[in-house]
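K.L.:
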Amino acid sequence: MTRAFLGLGSNMGDSWALLRDAVGSLAGVVAVSPVYRTDPVGGPGGQSPFLNIVVEIDTELTPRQLLGVCHRLESAADRVRTVRWGPRTLDVDILWIDGVTVDEPDLQVPHPRMRQRRFVMAPLADIAPDLAGDAWRDRAEGHVHRLGPLDARPG
Ligand code: X6L
Ligand code: MG
Ligand code: MG
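Those letters in the sequence shown? Residues 376 to 530, per our numbering, in order.
Here is the structure:
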């Protein structure tokens, strides 16, 4: 079994429920970060804030099979691709797989820009401080605010 980390984000629809349902349909979940409300980074202006989490899974899938899982979760959330980096019901990205490097046009592991994004590194640091370190704290972009556990939705 191999340890992998996925980054999930949503800024359309009922984001909290979309994240909860996505995690609920993932196999091999080991840890789920707190939910963060995060300022949009990149993409067109005027987007709503995101909710972001990071999930650790144990898996025997290949990286490409895992990418298929990510796409299946996005489809289940009725993701529609319109504007590049535009609003989305659900985005699921592979961040890290222990011992694995992939550099293909549609699949890069580790995620090449994760250390520049506070919306990735803050939740990652909560569940994998060994992996996240803290060099990112000075450099990463975007304000983030920790809301709390995914299973304790604020009223
Ligand atoms: C210059 C050019 C600087 C592009 C930054 C950064 C583009 C991030 C895209 C960039 C640039 C992205 C999320 C998000 C997106 C998310 C939050 C992306 C892809 N996804 N913002 N923006 N959470 N807070 O999940 O990450 S679009
Ligand atoms: Mg993304
Ligand atoms: Mg993506």
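Cβ coordinates follow ideal geometry from the N, Cα and C atoms, glycine included.
Predicted model, so just to flag it, every value in this text is computed and none were measured.
From V444 to A452, what does the alpha carbon distance come to, in whole angstroms?
P.N.:
For the purposes of this step, residue 444 is taken as residue 69 along the sequence shown, with counting starting at 1. For the purposes of this step, residue 452 is taken as residue 77 along the sequence shown, with counting starting at 1. The alpha-carbon atoms of V444 and A452 are separated by roughly 13 Å.
K.L.:
Are the Cβ atoms of G517 and V405 separated by less than 8 Å?
P.N.:
On the sequence shown, position 142 is the one that residue 517 refers to. On the sequence shown, position 30 is the one that residue 405 refers to. Against a cut-off of 8 Å, the Cβ pair of V405 and G517 comes out as no contact.
K.L.:
Check each candidate in H446, Q491 and P487 and name the one with the smallest Cα separation from A515.
P.N.:
What you label residue 515 is simply residue 140 of the sequence shown in a count that begins at 1. It is Q491.
K.L.:
Nearer than 7 Å: is that true of the beta carbon of D608 relative to any heavy atom of ligand 3?
P.N.:
Any question about residue 608 goes unanswered here, given that the chain covers just 376 to 530.
K.L.:
Identify, in the order they occur along the chain, each residue of the same chain with its Cβ nearer than 8 Å to the Cβ of Q422, setting aside the five sequence neighbours on each side.
P.N.:
The sequence position of residue 422 within the sequence shown is 47, counting from 1. Same-chain partners within the cutoff: N386, P415, G461 and P462.
K.L.:
When DSSP labels each residue in this structure, what does D389 get in the three-state scheme?
P.N.:
Translated into the one-based positions of the sequence shown, residue 389 becomes position 14. Coil at D389, not helix or strand.
K.L.:
Answer yes or no: the CB of T457 versus the heavy atoms of ligand 1, is any distance below 7 Å?
P.N.:
Indexing the sequence shown from 1 puts residue 457 at position 82. Answer for T457: no, Cβ out of range of ligand 1.
K.L.:
Along the chain, which unbroken stretches of the alpha helix (DSSP H) at least 4 residues long are found entirely within the region 432-506?
P.N.:
438-451 and 493-502
K.L.:
If you check the beta carbons only, do L383 and V430 fall under 8 Å apart?
P.N.:
By one-based count along the sequence shown, residue 383 stands at place 8. By one-based count along the sequence shown, residue 430 stands at place 55. Yes, they are a contact pair.
K.L.:
Output needed for T476: all residues of its chain with C-beta closer than 8 Å, excluding positions within five of it in sequence on either side, in chain order.
P.N.:
For the purposes of this step, residue 476 is taken as the residue at position 101 of the sequence shown. The answer, listed in chain order, is V484 and P485.
K.L.:
Rounded to the nearest angstrom, how far is the Cβ of P438 from that of D501, given a contact under 8 Å?
P.N.:
Position 63 of the sequence shown holds residue 438. Position 126 of the sequence shown holds residue 501. The pair is not a contact, with the Cβ atoms about 24 Å apart (cut-off 8 Å).
K.L.:
So which of M496, V455, L506 and P504 has the shortest CA-CA distance to D513?
P.N.:
As a working mapping, residue 513 is identified with position 138 in the sequence shown. Comparing Cα-Cα distances from D513 to each of M496, V455, L506 and P504, the minimum goes to M496.
K.L.:
Looking at the structure shown, is R528 part of a helix, part of a strand, or coil, going by DSSP?
P.N.:
Taking the first residue of the sequence shown as position 1, residue 528 is located at position 153. Correct three-state label for R528: coil.
K.L.:
What first and last residue would you give for the alpha helix (DSSP H) that runs through D513?
P.N.:
Looking up residue 513 in the sequence shown gives position 138. It spans W511 to R514 - the alpha helix (DSSP H) in which D513 sits, taken as one unbroken run.
K.L.:
Report all residues from its chain with a CB closer than 8 Å to the CB of P529; omit the five preceding and five following residues, and keep chain order.
P.N.:
Along the sequence shown, one-based indexing puts residue 529 at 154. So the list reads L522 and G523, once near-sequence residues are dropped.
K.L.:
Compare the Cα-Cα distances from M489 to each of D473, P504, E479 and I469 and report the closest residue.
P.N.:
The sequence position of residue 489 within the sequence shown is 114, counting from 1. When each option's Cα is compared against that of M489, the closest is I469.
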